[in-house]
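Residue numbers (mature numbering (1 follows the signal peptide of the UniProt record, and there is no 0)): -18 to -1, 1 to 265.
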């Protein structure tokens, strides 16, 4: 008989949690950085010319390598910015002799190095992230951190960069965005933050918050792709406002979408998530 009150208590708690979760999901919103997004078509990557200069920050990582390859195929003059020459040689060895590829070495927080790399560039694509992905990465290591004299944004301003495109991740929350309380996204964030002891999500959100609050004069785009993997291109990515789902996309497809933003204007100062369609909330 003593079990009955306990069972009733568990049942009541479960119902309360379920009710709160349902209410929280009904209040979910995409965040201030995605306000005004309507139905958009899938833009095609513009063909560049050798007179167009593109800087790729974090060029030795998986996304960076894919962007460099795709940009060279579209006749951009690419500046591959990285901190480690040996790793850059290893990852881009097959392209190191390309006539339209230039190498710039330096720390992502070094304003002087960034200014040198960005001179004359029309756009900057930042794919900087922690390596390994579970390693802590302080915001000081990003080009786009939390200080008002941020070197990455300041370099873009001084060099009059026309477009700044930043790679984030789907697990981040845009300023003002609200998820339900019991969602796969929150569980995945908890694993990354606590089980893997990583600050990657917090750092990426600090970047997004900084751009939204402190860089309204810069034409930036933040892409939030789901899990990334190697492999041949599969097809076009769909910008969306779906909450995080367990799926993956290819580096090659992400690279093409990022390059589309050099000329596209649909997502300026927006932070769409990216995955293959169909999606629940296309934008």
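The beta-carbon is built from N, C-alpha and C at its ideal position, and this holds for glycine as well.
Practice problem: With DSSP as the reference, label residue 101 as helix, strand or coil. | Solution: Secondary structure at residue 101: coil, using DSSP grouped into helix, strand and coil.
Quiz item: Which residues mark the beginning and the end of the alpha helix (DSSP H) in which residue 55 is found?
Solution: 44 to 55
Quiz item: At what residues does the beta strand (DSSP E) containing residue 257 begin and finish?
Solution: 255 to 257
Exercise. Measure the beta-carbon distance from residue 49 to residue 241 and round it to whole angstroms, keeping in mind my assumption that it falls under 8 Å.
Key: The pair is a contact, with the Cβ atoms about 7 Å apart (cut-off 8 Å).
Quiz prompt | Beta-carbon proximity check, residue 186 vs residue 151, cutoff 8 Å | solution = yes
Quiz prompt | Bridge partner(s) assigned by DSSP for residue 41 | solution = In the DSSP output, where bridge partners are listed per residue, residue 41 has none listed.
Quiz item: Cα separation between residue 163 and residue 169?
Solution: 10 Å
Practice problem: Please list, in chain order, all residues of the same chain as residue 174 whose beta carbon is under 8 Å from its beta carbon, the five residues on each side excluded. | Solution: 116, 153, 180, 182 and 183
Self-check item: Candidates 158, 43, 155 and 69: closest to residue 110 by CA position
Solution: 43
Quiz prompt | residue 259 versus 220, 227 and 248, residue with shortest Cα-Cα distance | solution = 220
Practice problem: Rank 235, 66, 54 and 83 by C-alpha distance to the C-alpha of residue 45 and give the top, closest one. | Solution: 235
Quiz item: Can you give the beta carbon distance from residue 103 to residue 35, rounded, assuming they're within the 8 Å contact cut?
Solution: That belief holds up - the Cβ atoms of residue 103 and residue 35 are roughly 4 Å apart, short of 8 Å.
Practice problem: State yes or no: is the C-beta of residue 139 within less than 8 Å of the C-beta of residue 201? | Solution: Taking 8 Å as the Cβ cut-off, residue 139 and residue 201 do not qualify as a contacting pair.
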